[in-house]
Amino acid sequence: MQIVGHGLGCIELGAKTPSGEVRLVADPYQNTTGFRFPRTLEAEIVTQSLPRADWANPEAVGGNPFLISMPGEYEVRQLFVYGFRAPLRGGEEHTIYRYELDRLSLLHLGALDRKPTDEELEQVGDVDILVLPIGGGAVLGVSDAAELVQVIEPRIVIPIWYGESKIPLKEKDAKRFVSELGAKHVEETAKFKCTRAMLPEEDMQVILLSR
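Just so it is clear: in the sequence shown, position 99 is 102 by the numbering used here, and no numbers are missing.
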């Protein structure tokens with residue numbers, strides 16, 4: 004599995020499967036957010052956690068992808084997507100996604116602005132890689148994010164939703180999150196490649212996806 008960050012909550016997953024190469028883009032966004040979305044991005048699948056008109060931008064992804072924007076179970080070219088309802092604090096509809104690809108499981112918490120309930124986490128199950136917002140303000144903040152990591156206990160953590168933006172975010176970088184988490188193994192990279200054999204056996208690893 005290869006993971007690429009495109010800013011805010013958007014990541015791109017890719018892998019070769021017996022059914023061919025498959026790419027998934029999670030949470031493509033509008034340029035009005037203050038980030039500039041890539042013009043040439045293509046995928047077979049797009050997932051949208053928060054279909055808010057001023058944030059979401061699935062039409063920006065080329066390749067005529069299959070759009071997933073609600074809870075359910077889906078499969079495209081042996082990439083399995085499980086969507087779970089997780090409304091925001093104010094009740095706005097929001098979906099978190101578990102992806103299974105290349106013998107790895109990844110949980111993407113989208114733009115969630117609260118810690119998931121025990122029932123929601125039980126539905127999701129165990130995950131190898133956790134992608135979660137840390138920016139505070141409009142999304143989950145550093146302290147809650149760090150506590151959540153300790154509950155879920157993934158092998159790899161990828162923080163999202165931080166940086167300079169027109170969306171109200173408190174964190175401009177991931178330094179405070181890394182410190183609060185007490186992470187010993189931190190890697191910054193534009194593209195992160197991972198296989199089941201590469202998962203850390205003991206200490207959790209934090210991956211900072213640079214654009």
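Just so you know, even glycine gets a beta-carbon here, dropped at the ideal spot from N, CA and C.
Own chain partners of residue i with C-beta closer than 8 Å, once the 5 adjacent residues on each side are dropped
i, result
"residue 64", "28, 31, 44, 45, 46, 49"
"residue 172", "138, 139, 140, 141, 142, 164, 165, 166"
Own chain residues within Cβ distance below 7 Å of residue i, not counting five before or after
i, result
"residue 149", "180, 183, 184"
"residue 36", "11, 58, 168, 169, 170"
"residue 194", "5, 7"
Per DSSP, cross-strand counterpart(s) of residue i
i, result
"residue 98", "88"
"residue 14", "8, 29"
"residue 49", "28, 70"
"residue 23", "20"
Run of the alpha helix (DSSP H) containing residue i, from where it starts to where it stops
i, result
"residue 180", "178-184"
"residue 124", "121-127"
"residue 212", "Counting along the chain, residue 212 falls outside any alpha helix (DSSP H), though it belongs to the beta strand (DSSP E) covering 208-212."
Beta-carbon proximity check, residue i vs residue j, cutoff 9 Å
i, j, result
"residue 115", "residue 135", "yes"
"residue 210", "residue 191", "yes"
"residue 10", "residue 39", "yes"
"residue 17", "residue 161", "no"
"residue 196", "residue 14", "no"
"residue 77", "residue 86", "yes"
"residue 206", "residue 187", "yes"
Residue i versus the options, residue with shortest Cα-Cα distance
i, options, result
"residue 201", "123, 117, 165, 107", "107"
"residue 204", "15, 156, 66, 25", "156"
"residue 123", "159, 178, 91", "91"
"residue 96", "34, 52, 42, 153", "52"
"residue 103", "198, 208, 213", "198"
"residue 105", "208, 93, 20", "20"
Neighbourhood of residue i by C-beta, 6 Å cutoff - its chain only, sequence neighbours within 5 removed
i, result
"residue 69", "48, 79"
Residue range of the unbroken beta strand (DSSP E) whose run includes residue i
i, result
"residue 137", "Segment: none, residue 137 is in no beta strand (DSSP E) and carries neither H nor E."
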